Structure formats: structure tokens, C-alpha cells
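The listed protein sequences derive, respectively, from chains H, Z, C, G, F and B. Note that the first sequence covers residues 13 to 294 in this note's numbering. Note that the second sequence covers residues 13 to 294 in this note's numbering. Note that the third sequence covers residues 13 to 294 in this note's numbering. Note that the fourth sequence covers residues 13 to 294 in this note's numbering. Note that the fifth sequence covers residues 13 to 294 in this note's numbering. Note that the sixth sequence covers residues 13 to 294 in this note's numbering. Think of the CB as a built atom: it goes at the ideal place given N, C-alpha and C, for glycine as much as any other residue. Predicted model, so just to flag it, every value in this text is computed and none were measured. Encoded as C-alpha cells, the structure appears first; notes follow it.
Number of protein chains: 6
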Amino acid sequence: MQDLIGKAKVLVEALPYMRRFLDKTVVVKYGGSALSKAERGTFAVDAVLLKYIGLRPVIVHGGGPQIGATLERLGKRSTFVGGLRVTDDETMEVVEMVLCGKVNREIVAMVQEAGGRAVGLTGNDGNMIRVTQRLEDDRDLGRVGRVVHVDPSPITAVAAAGFVPVIAPIGIDERGVTHNVNADEAAGGVASALRAEKLILLTDVEGVLDAEGCLLPQLSIEQARKHIAEGAIRGGMIPKVACCIAALEAGVASAHIVDGRIEHALLLEIFTDGGVGTLLTR
Amino acid sequence: MQDLIGKAKVLVEALPYMRRFLDKTVVVKYGGSALSKAERGTFAVDAVLLKYIGLRPVIVHGGGPQIGATLERLGKRSTFVGGLRVTDDETMEVVEMVLCGKVNREIVAMVQEAGGRAVGLTGNDGNMIRVTQRLEDDRDLGRVGRVVHVDPSPITAVAAAGFVPVIAPIGIDERGVTHNVNADEAAGGVASALRAEKLILLTDVEGVLDAEGCLLPQLSIEQARKHIAEGAIRGGMIPKVACCIAALEAGVASAHIVDGRIEHALLLEIFTDGGVGTLLTR
Amino acid sequence: MQDLIGKAKVLVEALPYMRRFLDKTVVVKYGGSALSKAERGTFAVDAVLLKYIGLRPVIVHGGGPQIGATLERLGKRSTFVGGLRVTDDETMEVVEMVLCGKVNREIVAMVQEAGGRAVGLTGNDGNMIRVTQRLEDDRDLGRVGRVVHVDPSPITAVAAAGFVPVIAPIGIDERGVTHNVNADEAAGGVASALRAEKLILLTDVEGVLDAEGCLLPQLSIEQARKHIAEGAIRGGMIPKVACCIAALEAGVASAHIVDGRIEHALLLEIFTDGGVGTLLTR
Amino acid sequence: MQDLIGKAKVLVEALPYMRRFLDKTVVVKYGGSALSKAERGTFAVDAVLLKYIGLRPVIVHGGGPQIGATLERLGKRSTFVGGLRVTDDETMEVVEMVLCGKVNREIVAMVQEAGGRAVGLTGNDGNMIRVTQRLEDDRDLGRVGRVVHVDPSPITAVAAAGFVPVIAPIGIDERGVTHNVNADEAAGGVASALRAEKLILLTDVEGVLDAEGCLLPQLSIEQARKHIAEGAIRGGMIPKVACCIAALEAGVASAHIVDGRIEHALLLEIFTDGGVGTLLTR
Amino acid sequence: MQDLIGKAKVLVEALPYMRRFLDKTVVVKYGGSALSKAERGTFAVDAVLLKYIGLRPVIVHGGGPQIGATLERLGKRSTFVGGLRVTDDETMEVVEMVLCGKVNREIVAMVQEAGGRAVGLTGNDGNMIRVTQRLEDDRDLGRVGRVVHVDPSPITAVAAAGFVPVIAPIGIDERGVTHNVNADEAAGGVASALRAEKLILLTDVEGVLDAEGCLLPQLSIEQARKHIAEGAIRGGMIPKVACCIAALEAGVASAHIVDGRIEHALLLEIFTDGGVGTLLTR
Amino acid sequence: MQDLIGKAKVLVEALPYMRRFLDKTVVVKYGGSALSKAERGTFAVDAVLLKYIGLRPVIVHGGGPQIGATLERLGKRSTFVGGLRVTDDETMEVVEMVLCGKVNREIVAMVQEAGGRAVGLTGNDGNMIRVTQRLEDDRDLGRVGRVVHVDPSPITAVAAAGFVPVIAPIGIDERGVTHNVNADEAAGGVASALRAEKLILLTDVEGVLDAEGCLLPQLSIEQARKHIAEGAIRGGMIPKVACCIAALEAGVASAHIVDGRIEHALLLEIFTDGGVGTLLTR
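As C-alpha cells, this is what we get:
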């Protein structure tokens, strides 16, 4: 019995957080990195729990590793420029098949296995994620897009009917041609369009680290920019931080870069004051 | 961190129950017995938590001890017949003042202190709880009523606007005269009128006991009636069980007689399979 | 037949007023003074009639005499400072019991007897009437509050469901502690929060009188302030006039101080051009 | 003042009737007979008053005398068979012009002058009043129709937007050809289609009289049929009574044949127990 | 089969226009001039088709020739001043009878015969078209009105219920007196009040012609004013162009003066880029 | 001009069909067979046109040829039993990638290019298409499913927001495992669940042929069963006809097997009386 009472106390401890985030939208970017089955299950259960206690989770996913594996299987080799995959038409066909036909379907299935109801969407459904072609140092990367506008109406249609939207990061240009989009950037655009309360990027690192490798638990926009300028924030973390800054400036209340390898990282981020990664605020 | 993850796991364990009871109405009878401050706080927090995770709690309260204390202070002595207070006009005036002006206000305050929003109602608001005079062995007990009909519209008006309804057990007869009503019976009538999922009577005993004093964890209507007929269920427990049976027969899915002295008894009843008292079902 | 036609003509005479006040909210302060049964009945019938012809009456009541009588019965003596009852915790318990458990219930019953449907509310339902402690000449009066904000949501929830709201003048401070509030002030706060068309204070005097004791049928805010400054308006009438001025400045279209001893005073105020007391306008 | 209080009492006397008829539809047939200006004004004011106190008046009008006058002015003579005007195409053109372009417009204007908002409709708007050709003793009367169905949607569209519908008794057959329809019959059809509470036929006689010329204040369907069979009800009153019976059988709660020459006849019928003509009930 | 495919292609060609005008309101003035039966049928079918493919047609009609014919039949001769009929009370009675009781009814019937559902309205329904008396060179023309305001609520009530509104050009002054209104002007006022997408005046000429008698396919407000000032636009075309300019200035997106004698003129105007008359824009 | 009028006449000819099918749902199965680009464009434009003129198109697609091509590219050979592909886990992964990530995306893009707004769905979104494993002559075909239930809520959510739903034929069993589903069968299940007006199977044959190879323009359920029993309907046409029969028996009003190779086959089927293939009715 004492054990049960202890569990009840834990529920009660979560009450102030439930109150604070009631009816708030939380956009979660769930990486495509090769997570173990156990870790993945935690993420989906967390998302469903958020929905039940009154938040509105929206999931945007990546899929880099899965795309790479399929291309390899097809004997197709990719070139990378500045960390971005040069994407010719044949590659793009594979990108779409893997993101929309495999990763997206798996995440929909995970959420439903955890007891939620999900609907998968792709950035070209309803011309939702609009992009222009992205150049890197003036080099043509092929069908790689930069998000210019997100129309939230397919997302809200699906969410209003009680489903958790699960979104694949495909963009569409003004001629209707699909492009590969960075998942963090897509998540940031979706969060901005929905005027979300939180944007949470689940990653496979601890959070934003300083030059000494220590976790920075909290950063203002100004501090983040200073760290980037001084070289303290480096490499792949720079675009993630940039996405967060853009979302904050578009009206998202807070952005989080969180270690997705921790069990229930999503719940901890929302239901503890300290959180488990780096919090960025205006 | 492990501690935090442990807490997250507890939240996740509650998910199947949240799913099962989403949007379901739970009518809780909260006794007027002299509970310690701590215990009372637990009850209100539990009720607010239920509301946040999507259930619809409705509270009906008693107030016998508080009525007794005030009558004593006024030098007014009560007679009891079959456990029921003989209620003349002067007594009824005190009953209403204590139930509506003191106990009801305290419970509204408790719920609000716990973070909810509550509105107190009385059985004569909107002519909600209709009664006829109750006789006991043909003896006139004065203004003691038996519930004949409950009009749920004031409750649903208040609940639809996001408030937890807190109801004092006063009834009104066809001439508009108020009567004292047993709180368990009022709660049963409210649960029936709302076609609630659960009726939970919080008491100061372990639950329904058999002739040997052992807790009966589960009872069908038939079993309950047999136990009463055989004298295994006795005394003050008989009318409580009878209220539960009436509610079940009116369409309430389950009825519970629960030990309110246990911390978080209300949560435990809803979020554990075994529960913490006696479950009555059809 | 001629008599019937005469009655029909009276109905028709009321038509322009019905048109003017359709769907308008009227907040009526109904005093707690010891009115005769007949007079009280008139008030409730008038309120119900207003509701049927399309106005939205909201009742706020006092209860000073009833509180005094109960305190006396309990052998508890009150001190008054500047006309305000010094209210210790024990006194406040009685104030709440009498206002919420007796006077409020009686007015709900009166309205229902007259054919309406009413729901009683108290200022702490839904934390509706927020107050700060009120000092009088720097003296601590105990739990006596000054209204700082009224949240109209419990009132509109109840009114939207077709009930006449009947409100007891209890306030709640930021720590959740209840306070005694002057009923005129509570009515003014409610009228302001609802952006009512009219605030009507039913009193036991003819209206606002000038220095010679003659009724002032109409007053602008400016005139009222001048009369107070010159001492023409005196004593207990000053706070009533001040409530009216505050309500007018908060957007209420007109305020009325009316002789509640006249039969059907409420109807006369609304359905005659001259009215029956003092009309205050911006 | 006493006079004012007397007027207030009259308003209060009407309260039980307001309660009884709240939101109920009342279909009034207003004859086209040459009423004096004064009498007509009373009718429109009454209708507007009904609307303000919460009833839903719908007006159906006739226009025989005005049609006759216009035909005469055009030098066109009518033949009558069984009281029905033989209606050739040229006559029908005049019938429509007078009913829709003159009488209907006048009644709309009267209602608006009395402070209401009205919209005129004709039985062929939205194919509302469907008819078949009516034969009298196997004789072809031309474009005279018998109502077979009423589609209430144009009426409810207009009423839902707050207008009083004023309907000209034109019918349309299955080929789309307009026909002249008896106004009492049209009113009965409209009342049946709207499942009205009351059908009131305003006439220029006292009500239904018995063989001795005494007013019959109340009649059941059975009694009415017996009186017709025995010849006690005769002539032009027979089709009026037949309309009432048909409406009652279609679900209208009561039907009234009332002396429209009495001032405020409509109000008296609704706000007095006895009424001022003959009441027919099931 | 090729023929069928050709027809399908025509439907597909219309798709971009359907998309552009979806849910847009189009006010069409349909003249009262003596059109042949065939031509009239085309107009009504076109209007119904517009409704089915998602536009919102509103029809305003004239009736000059029919009024003249009826007046003549009644031996009543009209005087004209500046092209306007001097309208005494007797003439106005005929005007209303013909417009509301004959022309309006015929157009309602035409629309319904073509498969739509229509409701006829007149400018005094709901005091919709408000006018002041119109003077021409300071001469009193009697009951001839100039539109000062249009209240669209009767039109929107009827349209929201799925009916095509058909409006007779009668206006009402502030004393409630009806006046004859120019149909083009009434159509312009209705289009302005509804903030219509298009105002289309169907006429019996080719469109606006220049001084040489050549069709002007498109005109800006400025150009139109210049043509009038220079005398290139003359006579009866001047008030038509003025109506269009007023509507454009009140927010109507485009105005069209179209040759109604062409079969399907209304469809051609909407479904072809060039259109079939003169297009006026801001 | 005559040409334009001719086009307008074609639009008008379509009016009776628009009226008949307004707000009706039409489920179209669009085959995955290797149609030429031109033919595909016709299909999407037709679907968008249907939406604009008020029908509710829902598209279900196949993808056999594309799946075969991708499997071949991956060096994976399929076995077929009774025309069904034996589907192991590896094959199923490819099936999902091709159907959801390629074919579905292409059709969404086609509809949007034609001016509509589309959202792609898959049978496991919201657990929409529920299946059990399908055996063929008791042989295990792996992950090949038979539709047992379709939950239309994801489809209606998307359609209510104005999008054309485009559905990939994936089913989900009770353990959440995805299965390959025949597209005709999926379309039939969707049509039944939506209580569609029409189910249209676009194929690459003329329609249902009799034993002599002549087109059967119309078939009752009974006739169809007789033809199958007698061997007149054979091979791959049998399951198509069976799907149609099942849909008809579930309440779909008519089913059509149509030659998708004809330009605008979808429009012709809906806007001509004869249609262009075989019509099946109850």
C-alpha cells in the first residue's frame, strides 16, 4: 500500500505542470538516428501521455540513417556538402520512400502501439511545407530545400480530430517539386506556424555544451549567439541552435535541445523544473 | 536522474487508466466526518488531478458532525430515529447554514487551493434534488427527505464551463420546502442522473466487511443482497450498499465504497486494478 | 371585456421598454433589511418577469440584519468602525453561514417560487470576487474586503444555462481567505465585470435626497460629486452613490438608487420613463 | 404612483402565460376583410409584443375584398362556385399582384411600424405551399388549389434571423403553376408544418355559434364534428372549423376562432384563461 | 464518345474560374425589359448553375415595361422627368403590385423551374433598402427614392438557408413610406452592402460604347469619368456607369455592363477571360 | 462567340447531374498500372472538378507495377498464389515504401497540380483499415490482409478541412502488424464505411464483358452472380465484381467498373446517363 501511495504522490507532483501546459502545443523533433527499440518505445509512450494529460504533441521526424542504409542497399552512393546530402532525382525518390513509406509509418505505429491515435503527414500534403532550393557556398545540392513558409491547416485538421500528427520533413517548392528538408528546420517551421509553447529537439547528445564540454542548462538568444560567435558552440550543434532561435523569434515560448537517449526524456523535460538538456528562451 | 526516471515511469503506468476513464464522470461522496487537515487536502488534490487528466469529478458532501457541533453550540438537542436526525424547522435552518454556508464553502476552497476551479451548488439550486418526506417506521422525522428525482442541468452548466461542481445534500419537495437528505443517497441520485461511470463513497472504514470482519473486495448486486439478507452486512453499511445498488441499476457502471482515511484513496481507487475498498458491479 | 382590453393596453405600453432592454444585463442589489414577506415576493416576481421578457437579471444580496440576529443568538457581540462590522474569524464563520446558507438560499427559493429557475453563487465560487483587506482610518477591521476584481465566468456559465444568478457578497483574497464585502460594492463590481446595462440598488429610502430632504430624480457623476463635496449627500448614502459612480465609469450605462419598499419597484424603474428613485448617468 | 403599480401588476399577471408559451410558435391568420385602420394597428402591435415576450408569431393573411376591388377596377367580373372564386389565368395574375404586391406589403409595413422586423413570403417562395387543383362538385374552378404539403424551410430561415414571417396564400402545383389558396387552409397547413402550439384564425364574427346563435367557448374535435353533422355549425364557418380540426390532428396543440374586431384580440386570446372566441382542442 | 470527351474538356476548362470565384457573391441586375421567353430561361439557368458550382448569386430585378403596361390597362398615364416616372400614391400602388406581385414572382418561378430554390424579397422587407426622396432638377417626382443605405440581413438570412434571393427595387424612407427605386441603383446598393465580388448589370445593349459606337471592353473609374465628362458616354448609360463606380468605390471588386440578349451572357461573363460587355474596375 | 455559347450550353447540360450528386461522396479506385502521363493528369483534374462542383471525391490507389519494379531493382523475386503476391517481411517493407512513399505522394502531387488540395493517408493512420490475414486455398501468403472493418474518422477529418483524401491500401491487424491489401477491396471497404453514393473502379479494360466479349453496360447483383456462376465473368474481373457487390450490400448506391484509359473517364461516368463502363446496382 505504501508503494501505491508513493506512486499517487508522484502523480500529484506532476499536477502543477499539467496545469501550466494544458492545451499547449509541443512540437517534438524525433531523430532518425538508430535508436534501440526500448528507447523508441519510451518516446512514443511519452507523447501519448502528454496527449492524455491535455497537451497537444506534434511529432516531426528525421531519417538520415535509414535513407543512407537504403541507398547503400540500392548501390547508390551519396556526396555530402557541408553536411548536406547532394540530392539528385533518383536519391530524392529514395528519400521520399524511406521518410514517408518507412520511418513515418513506423512512428505512427509506435504511437498507436502506445495507446494513441496517430496520422502521418508529409510536407507536401496540402502544400504544407513550402521551400526554396538551398545552396551551400553557392553549390547546387540538388533537391535540398530551405523552409520559407508552413501552412498549418493539415496539421490542425488532423489534431482537431484527436490524432497525433506525425510529419515527414519533405518540402515543396513553388513549382510543386519535392525537396529534402532538414528535420530540425522542419520542426522549427512547424512550431512557428502553430505558435507552439515548446519546440523540443531530441538528439543523441547531452545538450548544448560549452568549449570545455560542460552542459549549458539554459541560454538566452543573445548568449547563444555569443557562444556561436566565439566558437564555443560548434559543428552540427550550430544549425540546431539556429532553428531554436528562429522559432523563439517567431513566437514559440521556449526551445529545448534534449538528450533523447535518456529514458522518458520528453516527460522529464516537461515535468521537472530543471529539465534534462539545454533550455533556450528569448 | 534515476529518481526522475522512476517518477516518469509512474506517470506512464497511469496511462492505461487515463485512457479508460477519459471524459468519464466520477461522482465522489466526501464525508463530513472530522477528517484531519492533511487527509482533507489529499482528497481535494486528487479531485483536481482527476480533472486535469480528463475525468469529470463531481463532489457531493455530507456534514453530520459539523451540524451536530453547531446545534450543540446553539443549545439545541437532536433526537434520532433509526439513525436519522429528527429535523424541525429550527434544526433545518441550522442544517442549511452549516451545509451550504460552511462545509460546502470549505470544500470549494480546498479544491481551489489545490489548483482547481470549483462552484458550490445546493440541491435546491434550479430545483435540482427533488424529494418527498421520508418516514421511518411510520414516524414523522420532520424535514428529512427521500430523493425522487435529480435534474442534472445546474451541474452540467457549471461543469461545462470548467468548474468542479461541489454539491450540498439539500432536497426540495413539490411545495418548494427544503429537506435534509442523506449525503450517500444524494450522491447516488446525482450519479444516476449524470449516468456517471463511477460512484465513489469515501468513508471512514476499510470497505464492506463480511461477518468475520474481512474486507470484501468485490461484490455483485446479487451477492450484496444475499449478504444483507444473511446479516453479514449490517448497520450503517446497509444504506451505503443500497445506494450503490440503486445507482448501478440506474446505469452507473461501477460503485465503490472506499476508505477515505488512506492518503490519495481517490487516486488509488482509479489508478490501480485492485483498488482500495469494495467494488460493486452489476 | 373592457377590463381585459385595458390590461392588454398596459402590456402594449411596455413594448418600447422591452425593445430597448432586450438581452441587456441588469444587476440588482437586493438588501438584506427586514422586508415584509409581501415586499420580498414582489421583488422576486419582478426579477422573473424581467427574465421572461428578455432581460438578464443578476441578483446580489446583502444580509446585515440576519447576520446581526444570528450573532446575537450565539451571544457574540460585534464592534463597528465607520459603519463596518469588525470581523474576526469566528464572526466571519457566522457571516458566511448566514449569507450563503440562509439569505442566499431564501432568495433562490423566492425566485423559484415566482416561477424562475435560480442558482446561488458566492464570491469565492471560481474565485469570482477578489478582494484586498480593507482598512478604515488605518484600523484593522479583520476580514473585511474591498473588491479589486470580479471574474464573471461563474455568473455567465449559470446565466447561459437559463438560471438567474443569485450572489452572496463574499470576497476572497490572494491567499484564498474569505472576507465580508459590502453588498452594494459587490453589486457594483459584478455590474462592471458584466458590462451591465443597469445597476439597480434597492434600498429602504426614497432615493438620493438633497439637503432639504427632497428626492433628486436624476444626477450626473459631476453633480453627484458636487453634492457629496457640499455635504448635501450624507452618511450611508455616500458609499451607495460612490458604487454607482464607479460602475458608470467602468462602462455600466445607468445606475439607479430605488425605493425597494414600493411594490414592483424593479418593474417601475425599468418600465416607466420617470422611474421611482434616483437615476445616475455619466 | 398607484396607477403605475397597477400597471406593474398587470404585467405580473401575464407572467404565467409568458412561461407557458415561451418559444412556442403561434400561427395567426389575419383576414383581408376591410378592417378599420385602428383595428389593423392593434393586430400588428399584438404580434410584435408576442415576439418580444418570447413567442414566435407567424402571420398568414387573406385578401378577398382587396382582390375583388381590383378586379372591379379592371372591369373583370368573377364567378363563384361554392363560395370559391373561379380563377382563370387573367384573374390569377390579379390575385397574385394584390396578395403579394399589396396586402402582403401592407402587413409587413404594419408590423414594422409597430416596432418589429418582418419579411414577406409567398407560398411559391422555395416551393413552400404545394397544392393540387381543387374541384368543387366536380366543377373546374381554374387555378384554385388545395394544400397538400407545406415545406417550412423558408419560414424557419426568416424566423431564425429574427424576422416575423408574413405569408401570402399562394400555392404551387407540381408543374410550378401558381394557384389561389384559401387563407384559413394555408394557415392551417403552415401551423401543421411548423408543429405550432396554436393556430389562431382572426375573423369578423364572435366565434363559433350554436344553432341558437350563442357562442360556443370550447369544442373538442368530436363535438365540432357532431355540430356540423347536426347542422348547428353552418355556412362559411364549416371550412374554418375543418381547418382547425386538420391542424389539431396534425399535432397543433390548440386552434382558436377569434373575433378580430375586438381590440387586442390576439393578446386576450393568449393572455387570458377564457380567451375571446372559440377554442378547439383534441 | 469523342463528343462526350469534348464536353468533359469544356467542364475542365471552367475549373480555374470555379476556383477563383468559389463562395463569392455575384449581384445580377436583370432588367424588366420585354425579353423573349427563351432569353429569360437562359438567365435563370445560368444563375442556378452559378449557385451549384459554388458562387452566391443574388438577383435584383427591374420592371419598367410591365409597370407601364399595367398602368395603361388601368387608364392611368405617367409623366416622366429626366427619364424618371413621376410617382403619385396611386401609381406607387401599381408599381408595388407589379414589381412584388408579378415580376418578382415570375423570376422566383423561373429560378425554381431551372432547378434552384428562390425566395423573393422586397426592399421594405426588414426595412432593407432605405431611401430619401429623390428630386430631379428640384422638381418633386413624388415617391421616387434615392438609396442611402442597404441592410443586408434579410438577404443573408435567405441565402444562408440555400435560397437564391430575388429582390424587387422598392425602398422605404425614414417614415416607413415606400418609394420606387431605379433597379440598377438598388443592385449597386445591394452589391455594396454584401461586399460582393461582382456587380453585373444585364442590359439590352452591347455594353458601354465610345463616341464612335465601338464597345469599350474595359474601363477604369478614371477613364469612365473622363468619357462621361467628354460626352463619349451618354444618356441612359450614364446612370448605369455611375452605379458601377459607386459600387467599386464601396468595395465591390468588379462591375460589368453586359448584353443580356446574348444566350448565357451571365455564364460567359464569369467563365471567359474577355467577357461579353464592359468591365469596370478601380 | 457561338463557340463560347456552345461551351456555356455544355456547362448547363451538366447542371442536372450537379444537382443530383451535390454533397455526395464518390470513392474512386485509381489503379497503379503504368498509365501514360497524359492519362494520369486527366484523372486528377477530373477529381478536382468533382470537388469544385460540390461532390466529395475520395481516392484509393493501387501500386502493383511500381512495387514489382522496385522489388526487381532490389533483386527480390516474388511468388504469386492465386494472383496474390506472397508477402514476407522484407517484401512488405518495400510494399509500404512504394505505396506510401512513392505512389501515394505522386497522386497527392497530381491532385495539387490540378488545383486541388490533397492529404495522403495510409490504412494504418488512426488504425483505419483493419484486416485479418488472408489465406488462399489454405496457403499462408504472409502479410496479405482481408479487410474486416474501416474506421472512416481519419478520412472525414481530412475531408471536412477541405482536402481530397488519397488512401494507400495498407491494412493493420489486431496486433498492429501492417498487411498488403488489394486496392479494389480497400476502396470497397472505404466506400462502405463512408456510405458513399458511388464506388468507381478505374481499370484498364472496357468494363465487365460477357462470354462473347461484349460490354455489359448494367448489371444487378443477381445478374452479376449468375454470370460468375456460369463462367461468363472470369479471372481478374471476378474479385472486382465481388468488391462492388459487397459495397452495394453495405449501402453504397451504385458501383462502376470503368475504362480508365478513356480521357475524362471519371467525368463521363458521372455526367452522362449512359456512362462509360459497367454499372452495378442492387
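Taking the CA atoms as reference points, residue 209(C) sits about 53 Å from residue 134(H). Here DSSP, grouped into helix, strand and coil, assigns residue 266(G) to strand.
Look at residue 85(F): its C-beta is under 8 Å from a C-beta on chain G. Along the region 94-124 of chain G, going in chain order, the ones with a CB nearer than 8 Å to a CB of chain F are 105, 108, 109, 110, 111, 112, 113, 114, 116, 117, 120, 121, 124.
Runs of alpha helix (DSSP H) with 4 or more residues, each lying fully within the region 74-134 of chain C, are found at 76-85, 101-110, 116-125, listed in chain order.
Beta-bridge analysis with DSSP links residue 142(F) to 161(F), 184(F).
In this structure, residue 195(G) and residue 73(G) form a Cβ contact; the two beta carbons are roughly 6 Å apart against a cut-off of 8 Å. For residue 233(H), the uninterrupted alpha helix (DSSP H) segment begins and ends at 233-241. By the CB criterion at 8 Å, residue 142(H) and residue 183(H) fall inside the cutoff.
Taken through DSSP and simplified to helix, strand or coil, residue 289(B) comes out as strand. Excluding the 5 residues flanking it on each side, residue 132(F) has same chain C-beta neighbours closer than 6 Å at 116, 120, 178, in chain order. In chain order, 142, 143, 144 place their CB closer than 8 Å to the CB of residue 160(F), counting only its own chain and leaving out the 5 sequence neighbours on each side.
Across the structure, residue 268(G) and residue 106(Z) are spaced so that their CA atoms are roughly 52 Å apart.
With a contact defined as Cβ atoms closer than 8 Å, residue 33(C) and residue 272(C) miss out at about 20 Å.
Residue 56(B) has a beta carbon lying at 8 Å or more from every beta carbon in chain H. Here residue 113(C) is buried, its C-beta having at least 16 other C-beta atoms within 10 Å.
In the DSSP assignment, residue 41(C) is bridged to 72(C), 213(C). Going by DSSP, residue 190(F) is part of the beta strand (DSSP E) stretching over 190-192.
Taking 7 Å as the upper bound on Cβ-Cβ separation, chain F lies near no residue of the region 176-194 of chain B. In this structure, the CA atom of residue 249(B) is about 55 Å from the CA atom of residue 207(F). Under the three-state reduction of DSSP, residue 177(Z) is assigned to strand.
In the three-state scheme derived from DSSP, where H, G and I count as helix and E and B as strand, residue 279(G) is classed as helix.
In the three-state scheme derived from DSSP, where H, G and I count as helix and E and B as strand, residue 273(B) is classed as coil. Each of 79(G), 166(G), 151(G), 263(G) was checked against the Cα of residue 233(G), and the nearest Cα belongs to 263(G).
Interface annotation for the region 18-30 of chain C against chain G: 18, 19, 20, 21, 22, 23, 24, 25, 26, 27, 28, 30, criterion Cβ-Cβ distance under 9 Å. CA-to-CA, the gap between residue 71(B) and residue 65(F) works out to about 21 Å. Note that the C-beta distance between residue 23(H) and residue 61(Z) is below 8 Å. Excluding the 5 residues flanking it on each side, residue 176(B) has same chain C-beta neighbours closer than 8 Å at 59, 60, 63, 69, 70, 71, 123, 128, 129, 130, 131, in chain order. Classified as exposed, residue 89(G) has fewer than 16 neighbouring CB atoms from the shown chains inside 10 Å of its CB. If you check each beta-carbon in the region 58-89 of chain C against every beta-carbon of chain G, the ones closer than 7 Å belong to 60, 61, 64, 65, 66. The beta carbon of residue 129(Z) sits closer than 8 Å to some beta carbon of chain C. Residue 162(C) sits close to residue 205(C), with the two beta carbons spaced by under 8 Å. With respect to the 8 Å criterion, residue 40(Z) and residue 212(Z) are classified as neighbours on the basis of their beta carbons. The DSSP-derived three-state label of residue 62(G) is helix.
Residue 256(F) holds the alpha-carbon nearest to the alpha-carbon of residue 237(F) among 189(F), 256(F), 226(F).
Residue environment: residue 260(F) is assigned as buried (16 or more neighbouring CB atoms within 10 Å of its CB, all protein chains considered).
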